[in-house]
Amino acid sequence: MESNIPKPVVVCADDFACSEGVSLAIVELAGQGRLSATSVMVLSPRWVRDAALLQGLRGRIDVGVHLDWTSPLAVAAGHGLSLGQAMWRALAGGFDAGEVTGVIERQLDAFEAHWQASPDHIDGHQHVQQFAGIRGPLLDVLDRRYGAGAGPYVRVSQPVGAGLGLKGRVVGAMGAHALRSALAQRQRRGTTALVGLYSFGGTGADYAARVDGWLRDAPAGSVLMCHPADRADADDAIGAARRREFDFWRSDGASGCLRRANAVPARGPAPAPAVR
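Quick note on numbering: the sequence shown equals residues 0 to 275 in numbering that gives the first Met the number 0.
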C-alpha cells in the first residue's frame, strides 16, 4: 500500500551571488515555495550586498556555502584550479591539508561575516566537497568550528536514478561513498542522494521531463540541485539553461512534477535531539 505522506526533497538552487540574475531568481522562487535551500558562492563580490536579499527568507529555507575550488572566482582568490586539475590532484593525493583548511576557513568566514549566522549546509561547486584531500579537512573544520556532529549538514553528491550516464558515475566516484562513511563516523548529518545532474542542454520540455524523472527516482532526503537565473547573461556558459530552469520552476509544470511524485520541497536533515 502506497504511503500518502509526501516525500521530502531538498530543492536547492546553487550559485547564489554569482550574478544578479541568479540571486534575484533564487529569491523569487524561494518566495514562491518552489525552493527549500540555496548555496552561496561567497567568493563573489556580490555576496556582500546580495546577502540582504535573503533576509526575508531566513528560517524558511536552508542557506549554505557552495565551497569553491574551480570557478574563475576561486582562481582570482589564488587557490583555484580547473576541474580536471582538481580531480587529478584529489586522485593523486596532492592537496595540502593546511592549505585546504585555510581555504575552507576563509569561505566560512566570508559567509558568516555577511549572513551573521553559521551556514545551514555545505556543498561544493562541481562537487569538490567530497574530493579526497578536501573532505577530510572540511569535516575537521566543521567539528572545530561548530562542535562534533553539530552545525551544517553536508551534501553527499551520490547521483541516483535511471539514465545516470558517465557524468553521474564520475561525480559519485569522486568520493560520495567515502564522504558518507566519514559523516557517519563523525555522527554528522548528510543528505541521502543527488538528482539534477545533466549536461545543461535541451529544451524547456526536456528539462521538465528530467525533473519528472528525478523526483520519481529521488529517495526521501535527496537533494535536487538546480541553477536558475532570470536572464541569460552572455558571459555565462550555462546562461540559456539557467533561464530555462527559472521558467520551469516558477511555472505550473513544477507543481505538477511535485504532485505526480508526491514530493515536497523540504529543508535538509534536522539535527539529532540533544541527549539529556
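Where is the CB? At the ideal position from N, CA and C, for every residue including glycine. Since the structure is predicted, the reported quantities are computational estimates derived from the model, not experimental observations.
Inset, instruction - Run through the region 193–234 for me and flag every whole beta strand (DSSP E) of 3 or more residues, listed as ranges in chain order. - result: 222–225, all fully within the region 193–234.
Inset, instruction - Report yes if the C-beta distance between Gly96 and Pro158 is below 7 Å; otherwise report no. - result: In the sequence shown, counting from the first residue as 1, residue 96 sits at position 97. In the sequence shown, counting from the first residue as 1, residue 158 sits at position 159. With the sequence shown as reference, residue 96 is identified as Ala, and Gly is not the correct amino acid for it. Here Ala96 is not near Pro158, since their CB atoms are 7 Å or more apart.
Inset, instruction - Identify the continuous alpha helix (DSSP H) that holds Ala172 and give its terminal residues. - result: Against the sequence shown, residue 172 aligns to sequence position 173. Residue range Gly164 to Ala172 is occupied by the alpha helix (DSSP H) that includes Ala172.
Inset, instruction - Give the range of the beta strand (DSSP E) segment to which Gly101 is assigned. - result: Residue mapping note: residue 101 aligns to position 102 of the sequence shown, counting from 1. No beta strand (DSSP E) holds Gly101; the alpha helix (DSSP H) holding it covers Ala96 to Trp114.
Inset, instruction - Report the three-state DSSP secondary structure of Cys11 (helix, strand or coil). - result: To locate residue 11, count along the sequence shown from 1; it is residue 12. Cys11: strand per DSSP, three-state reduction.
Legend entry - Outcome for Gln106 when other beta-carbon atoms lying within 10 angstroms are tallied against a minimum of 16: Working through the sequence shown from its first residue, we reach residue 106 at position 107. Buried: at least 16 other Cβ atoms inside 10 Å.
Inset, instruction - Could you give the DSSP three-state label for Pro44: helix, strand or coil? - result: Translated into positions along the sequence shown, residue 44 becomes position 45. Three-state result, Pro44: coil.
Legend entry - Whole-angstrom distance between Leu223 and Val194, CA atom to CA atom: Walking along the sequence shown from the start, residue 194 turns up at place 195. Walking along the sequence shown from the start, residue 223 turns up at place 224. Val194 and Leu223 have their alpha carbons spaced roughly 5 Å apart.
Inset, instruction - Tell me whether Ile31 is buried or exposed, calling it buried when 16 or more other Cβ atoms sit within 10 Å of its Cβ. - result: Position 32 of the sequence shown, counted from the first residue, corresponds to residue 31. The sequence given here has Gln at residue 31, not Ile. The residue in question, Gln31, is exposed, as its Cβ has fewer than 16 Cβ neighbours within 10 Å.
Legend entry - Identified DSSP bridge partners for His65: Counting from one through the sequence shown, the residue named residue 65 turns up at place 66. His65 is bridged to Asp122.
Inset, instruction - Can you grab the Cα-Cα spacing for the pair Ile60 / Asp251, in whole Å? - result: Counting from 1 along the sequence shown, the entry for residue 60 is found at position 61. Counting from 1 along the sequence shown, the entry for residue 251 is found at position 252. Near 21 Å, if we compare the C-alpha coordinates of Asp251 and Ile60.
Legend entry - Closest residue to Asp276 among Pro71, Met40 and Gly148 (Cα-Cα distance): No answer is possible for residue 276: the residues shown for the chain start at 0 and end at 275.
Legend entry - Beta carbon of Leu42 nearer than 7 Å to that of Ala76: Counting from one through the sequence shown, the residue named residue 42 turns up at place 43. Counting from one through the sequence shown, the residue named residue 76 turns up at place 77. Yes, these two residues count as a Cβ contact at 7 Å.
Inset, instruction - Return the chain-ordered list of same chain residues with a C-beta closer than 6 Å to the C-beta of Arg275, the five sequence neighbours on each side being excluded. - result: Position 276 of the sequence shown, counted from the first residue, corresponds to residue 275. Reliability of the predicted coordinates at Arg275 is poor, the pLDDT of 47 falling under 50, and the value obtained from them is presented with this limitation in mind. Around Arg275, the same chain offers no residue with a beta carbon nearer than 6 Å, after the five sequence neighbours per side are excluded.
Inset, instruction - For Arg57, name the three-state secondary structure that DSSP assigns. - result: As a working mapping, residue 57 is identified with position 58 in the sequence shown. Reduced to three states, the DSSP call for Arg57 is strand.
Legend entry - For Ala89, the three-state DSSP class (helix, strand or coil): Locating residue 89 in the sequence shown gives position 90, where the first residue counts as 1. Ala89 falls in the helix class under three-state DSSP.
Legend entry - Opening and closing residue of the alpha helix (DSSP H) in which Pro136 lies: The residue you call residue 136 lines up with position 137 of the sequence shown. For Pro136, the enclosing alpha helix (DSSP H) begins and ends at Arg134 to Tyr145.
Inset, instruction - Indicate the three-state DSSP secondary structure (helix, strand or coil) for Ser70 in the structure shown. - result: If you number the sequence shown from 1, residue 70 lands on position 71. Correct three-state label for Ser70: coil.
Legend entry - Own chain partners of Met0 with C-beta closer than 6 Å, once the 5 adjacent residues on each side are dropped: Along the sequence shown, one-based indexing puts residue 0 at 1. In this prediction, Met0 scores a pLDDT of 44, lower than 50, which makes its location untrustworthy; the coordinate-derived value is nonetheless stated afterwards. Short of 6 Å from the beta carbon of Met0, and not among the five residues preceding or following it, lies no beta carbon of its own chain.
Legend entry - Euclidean distance between Cα positions of Gln128 and Leu178: The residue given as residue 128 occupies position 129 in the sequence shown. The residue given as residue 178 occupies position 179 in the sequence shown. Here the alpha carbon of Gln128 sits roughly 9 Å from the alpha carbon of Leu178.
Inset, instruction - Could you give the DSSP three-state label for Ala29: helix, strand or coil? - result: As a first step, residue 29 must be located in the sequence shown, where it is residue number 30. Helix, per DSSP.
Inset, instruction - Quick one: measure Cβ to Cβ for Gly63 and Ser38, integer angstroms, because I've assumed they're closer than 8 Å. - result: Looking up residue 63 in the sequence shown gives position 64. Looking up residue 38 in the sequence shown gives position 39. About 5 Å; that satisfies the 8 Å criterion.
Inset, instruction - Give me whichever residues DSSP pairs with Ser38 in a beta bridge. - result: One-based indexing of the sequence shown puts residue 38 at position 39. As computed with DSSP, Ser38 is found in a beta bridge with Gly63.
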